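Structure, as structure tokens:
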Amino acid sequence: MTYNEVTGTRHPLRMWAEPETVDPQAMQQLRNVANLEWVHGVAVMPDVHHGKGATVGSVIAMKDAVSPAAVGVDIGCGMTAVKTSYKSSQLPDNLAYLRGKLEQAVPVGFAHHKRPVDPGNVHGIRTAGWAEFWKDFDELAPAVHNRRERAEVQMGTLGGGNHFLEVCADDEGVVWVVLHSGSRNIGKELAEHHIGVARKLSHNQGLVDRDLAVFLGHTPEMADYRRDLFWAQDYARRNRALMMGLVCDVLRRHLPNIAFEQPISCHHNYVAEERYDGVDVLVTRKGAIRAGSGDLGIIPGSMATGTYIVKGLGNSLAFNSASHGAGRKMSRTRAKKTFTVQDLEAQTQGVECRKDPGVIDEIPGAYKDLESVMAAQTDLVQVVAHLRQLICIKG
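Count along the sequence shown starting at 1, add 151, and that's the number in the numbering used here.
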């Protein structure tokens with residue numbers, strides 16, 4: 152589809168979604184953002200839905216300003232996928248056993264490693280830069296300095312909520328590994344600290360929504376945020392890389408002669424320095440991936456509805472972006488009230504995964520239809536591969 156333009160705000164909204172189908176709360180959030188004086192433009196992805204701070208599925212380009220709440224509290228959250236040399240027909244019949252081994256290697260939910268994982272002991276992990284990365288922890292906001300030990304043992308862990316680890320097969324039967332996670336608790340605490348700082352700044356006092364408080368360029372507050380933001384984004388990238396290394400090591404032990412291609416990795420809650428219309432801007436993608444020309448990306452559905460590997464088409468009207476997934480169509484609370492364990496079992500039939508009350512809020516029925524979301528962004532990405540879940544691990 153081509154985008155819909157919604158006017159009546161300081162900056163028009165370019166929407167790859169039908170405005171009348173977007174819930175009113177999300178539309179109001181989008182209008183509030185589009186009315187900020189620092190905004191250069193706003194693009195809205197087809198998985199758009201109401202979110203805390205800013206709308207999920209929004210791409211906000213600002214001139215010399217950034218809103219920390221528009222990034223969200225899971226800084227650097229994103230996806231990593233690896234294609235293997237195996238076919239699904241070569242996998243063992245007992246996928247529950249394999250799932251158990253993967254869960255032993257990668258802590259999920261609130262669990263963490265007993266001690267920090269040494270990247271040098273994980274196959275395929277480049278050890279260069281790790282010492283410098285941890286050294287930079289001491290330069291972060293003093294508010295998180297007592298969190299280093301926790302950050303170290305959470306490195307290489309999945310977390311809960313919509314984070315997942317999956318073994319999938321594409322339409323040709325080739326096995327892939329896909330995972331979704333971010334910067335864990337340290338990213339959350341850094342985000343909350345800076346959101347609090349931004350809210351107190353004088354230029355943010357008249358905002359219609361306090362969650363849209365911004366940092367302005369060439370200020371100490373902006374410098375501090377950028378330092379911590381980019382460190383947390385690096386933490387998220389390293390976290391996913393370490394998990395993928397741990398997963399691949401498990402598969403090497405249990406699947407003879409398996410080989411792995413180069414990983415595909417993309418953030419979908421982050422800030423990037425980019426240039427559009429001859430203007431240098433800070434682009435915030437919250438629930439959106441970069442889809443520049445040739446960029447490889449990952450767009451998942453839910454526990455049993457598949458995942459797409461895509462290649463970006465470089466649509467500058469969307470600030471070179473695309474959706475980050477199917478997007479929720481109902482809140483977690485509503486999902487728990489709407490669906491039962493029996494519904495979960497039916498909707499995840501054929502997938503080796505949890506089928507208990509603890510993950511009902513992640514049931515496929517709580518999410519938008521992935522195929523409709525993909526159909527709405529054919530001018531943003533082209534499909535490289537379609538995957539279906541065989542094993543899905545959630546916290």
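Ideal placement from N, C-alpha and C gives every residue a C-beta, glycine not left out. These numbers were taken from a predicted model, which means no experiment stands behind them.
{"Asked": "May I ask which residues mark the beginning and end of the beta strand (DSSP E) holding histidine 405?", "Found": "Not the beta strand (DSSP E): histidine 405 falls in the alpha helix (DSSP H), residues 371 to 405."}
{"Asked": "Assuming arginine 562 and isoleucine 542 are in contact, meaning their beta carbons sit under 8 Å apart, how far apart are those beta carbons, in whole angstroms?", "Found": "As displayed, the chain neither begins before 152 nor continues past 546, which places residue 562 out of reach and without an answer."}
{"Asked": "Can arginine 483 and aspartate 512 be called in contact, C-beta distance under 8 Å?", "Found": "yes"}
{"Asked": "Does DSSP put asparagine 155 in a helix, in a strand, or in coil?", "Found": "strand"}
{"Asked": "For arginine 539, which residues in the same chain have their Cβ closer than 7 Å to its Cβ, ignoring the five residues on either side in sequence?", "Found": "Cys319, Ala320 and Gly457"}
{"Asked": "Return the residue from the list Gly275, Gly501, Leu367 and Pro414 that minimises the CA-CA distance to aspartate 400.", "Found": "Gly275"}
{"Asked": "Have a look at valine 365 and tyrosine 427 and give me their C-alpha separation to the nearest angstrom.", "Found": "20 Å"}
{"Asked": "Could you tell me whether the Cβ atoms of leucine 309 and aspartate 379 are closer together than 8 Å?", "Found": "no"}
{"Asked": "Could you tell me the boundaries of the alpha helix (DSSP H) in which arginine 250 lies?", "Found": "246 to 256"}
{"Asked": "In this structure, does DSSP put valine 328 in helix, strand or coil?", "Found": "strand"}
{"Asked": "Tell me which same chain residues have a C-beta within less than 6 Å of the C-beta of proline 270, skipping the five on either side of it?", "Found": "Ile276, Thr278 and Trp281"}
{"Asked": "Closer than 8 Å is the cut-off here; do at least three beta carbon pairs connect the segment 201 to 219 with the segment 427 to 442?", "Found": "yes"}
{"Asked": "Is glycine 121 helix, strand or coil by DSSP?", "Found": "The chain is shown only over 152 to 546; residue 121 falls outside these bounds and no answer can be derived."}
{"Asked": "Note down, in chain order, each residue of its chain lying with its Cβ closer than 8 Å to the Cβ of arginine 161, except the 5 sequence neighbours on either side.", "Found": "Ala185, Asn186, Leu187, Glu188 and Val190"}
{"Asked": "Would the beta-carbon of isoleucine 346 fall within 8 Å of that of alanine 302?", "Found": "no"}
{"Asked": "Under a three-way DSSP split, which group does lysine 238 fall into?", "Found": "strand"}
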